[in-house]
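Numbering (the working numbering), first residue to last: 1 to 379.
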């Protein structure tokens, strides 16, 4: 008789091992993706180790001349504030802003009623004083004749002489008052003190003008200034006080000027200094109020100047890629940028003459990267 137990053991043994089944599509896909990722990493490592072609430049000190362009306007050298000498109601205003006037031209008139009355009174006072003088003179001559003949007293003669002197003084006072009245009548007309252009008007017909209150501003003909509001350090280290001027509307119209006046105080609102540049032989096109540009040149300085493409960064700090000639590897070197120009940067600290920096191709670099470069591009 055969024992059935071994057969049962064989069944249990066979059921404990997993049975191989065909792999599903999902498993195959995962295996394939892992293989591709491994290939990409291998390719990137191989690429990182390959030298990168860059353009480099040897650092050297060069003369750098700074030119600052300022914007201002043309103003008259002399501005006259015109006002009436007497108070009165304005009856006529004969000029407006922009009008060119000659010396002595009438600009405005006041109602002369009061001044005419004063003139009439002064004229009458002179006539009365002249009459009193005639009487006093006749009385003195009579007393002089009588005294010579002994028909009057010395006291009467002295009294007549004193009355004659008083009459003469009264006439002089009346004539002086008449002159003042005549002048006051002429003050009702405001005249230009010199030839020039009216730039400001604070007057209208019908209003009451107060004496000594400015009603017109006259820019006198003659010398012209270009006036600028600039930072106080702009002219401190300039090569000279010569300024090249040009019209904003037409740069072909140029002139030369020199700094004539620098305000000793800084404007608290704008933080600028008022600078006046005297225009030498100003062109006719540089009229009053014309906007102009002024170019000031600084003394040349020895500085390190690099192309803007050399600039990189370490965080928020400017840096450049510096090349080690021996190993042909690059590293980031932080620098201090003193100034930015058109297509250039000026380095004040961080580099020394003789250093070699990358000026093109720096975006593809990483610290320790091996690079290759054209030897002709290093100068």
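Note that the Cβ used here is the ideal one computed from N, Cα and C, for glycine as well.
If you're wondering where the values come from, they're calculated on a predicted model, not measured in any experiment.
Alpha carbon to alpha carbon, how far is residue 168 from residue 95? Give it in angstroms, no decimals.
46 Å
Just checking, does the stretch 109 to 129 make contact with the stretch 240 to 251 on the three C-beta pairs under 8 Å criterion?
no
Can you tell me the Cα-Cα spacing of residue 315 and residue 305, whole angstroms?
22 Å
Spatial neighbours of residue 195 within its chain, please: C-beta separation below 6 Å, excluding the five flanking residues on both sides.
102, 103, 221
Whole-angstrom C-beta distance between residue 279 and residue 259, which should lie under 8 Å:
In fact, because the Cβ distance is near 12 Å, the residues do not count as touching under 8 Å.
Residue 312 versus residue 322: straight-line alpha-carbon distance, rounded:
11 Å
Which of the three DSSP states is assigned to residue 156 in this structure?
helix
Specify the secondary structure class of residue 250 as computed by DSSP and reduced to three states.
coil
Name the two residues that bound the continuous beta strand (DSSP E) containing residue 276.
273 to 280
With 16 other Cβ atoms within 10 Å as the buried cut-off, status of residue 188:
buried
Identify which residue in 255, 254, 272 has its Cα closest to the Cα of residue 262.
Scanning 255, 254, 272 for the CA closest to the CA of residue 262 turns up 272.
Hey, could you find the ends of the beta strand (DSSP E) residue 220 is sitting in?
For residue 220, the enclosing beta strand (DSSP E) stretches over residues 214 to 220.
Starting from the C-beta of residue 370, find all residues in its chain whose C-beta is less than 7 Å away, skip the five residues before and the five after it, and write them out in chain order.
Only 51, 328, 329 meet the Cβ criterion.
Between the C-alpha atoms of residue 91 and residue 113, what's the straight-line distance to the nearest angstrom?
11 Å
In whole angstroms, what is the alpha-carbon distance linking residue 303 and residue 348?
7 Å
Do the stretch 222 to 229 and the stretch 275 to 289 make contact, defined as three or more Cβ pairs closer than 8 Å?
Yes: the two stretches touch, three or more of their Cβ pairs being nearer than 8 Å.
What residue from 133, 175, 217 has the CA that sits closest to residue 100's CA?
When only C-alpha atoms are compared, the closest one is 217.
Buried versus exposed, by CB contacts within 10 Å (16 or more), residue 171
buried
Verify whether the separation of the beta carbon atoms of residue 157 and residue 144 is less than 8 Å.
yes
Looking at C-alpha atoms only, which residue of 198, 63, 58 is the closest neighbour of residue 93?
198
Throw me the rounded Cβ distance for the residue 360 and residue 54 pair, which I believe falls under 8 Å.
Confirmed, about 6 Å.
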